[in-house]
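Once you know that position 47 of the sequence shown is 47 in the UniProt record's numbering, the rest is easy, because the numbers rise by one and skip nothing.
The beta carbon of each residue, even a glycine, is placed where N, CA and C say it ideally should be.
Notes follow the structure.
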Amino acid sequence: MTPNIGTRERIVRLVAGLLLAALPFVSGWAFFESALWTWLSVIVGLVLVVTGILRFCPAWCMLGCATNGKACGR
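See the structure below:
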């Protein structure tokens, strides 16, 4: 797993992931009264947080993208 996420993208992923994971529990929006949307938001948020922590995104690697200036090694 060669890191393929740059610093800026890592910060964005961590912040967005934390917001998505917490939003259903603190927002009070009627949108999140459905369990489907609550779980979907939490799962997407956790995936963003994990990829931000590991600095590796499998989807970016499959597409051959890298935001840290290095090519993805397989």
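Backbone secondary structure at residue i - three-state DSSP
| i | result |
| --- | --- |
| CYS65 | coil |
| PHE56 | coil |
| GLY45 | helix |
| ALA35 | helix |
| THR2 | coil |
Any C-beta of chain C under 8 Å from that of residue i
| i | result |
| --- | --- |
| ILE43 | You won't find chain C in this structure, because it holds only one protein chain. |
Residue environment, residue i, which counts as buried when at least 16 other CB atoms sit within 10 Å
| i | result |
| --- | --- |
| PHE32 | buried |
| THR2 | exposed |
| ILE5 | buried |
Backbone CA spacing between residue i and residue j [nearest angstrom]
| i | j | result |
| --- | --- | --- |
| LEU14 | PRO24 | 17 Å |
Alpha helix (DSSP H) segment containing residue i, residue limits
| i | result |
| --- | --- |
| ALA22 | 7 to 26 |
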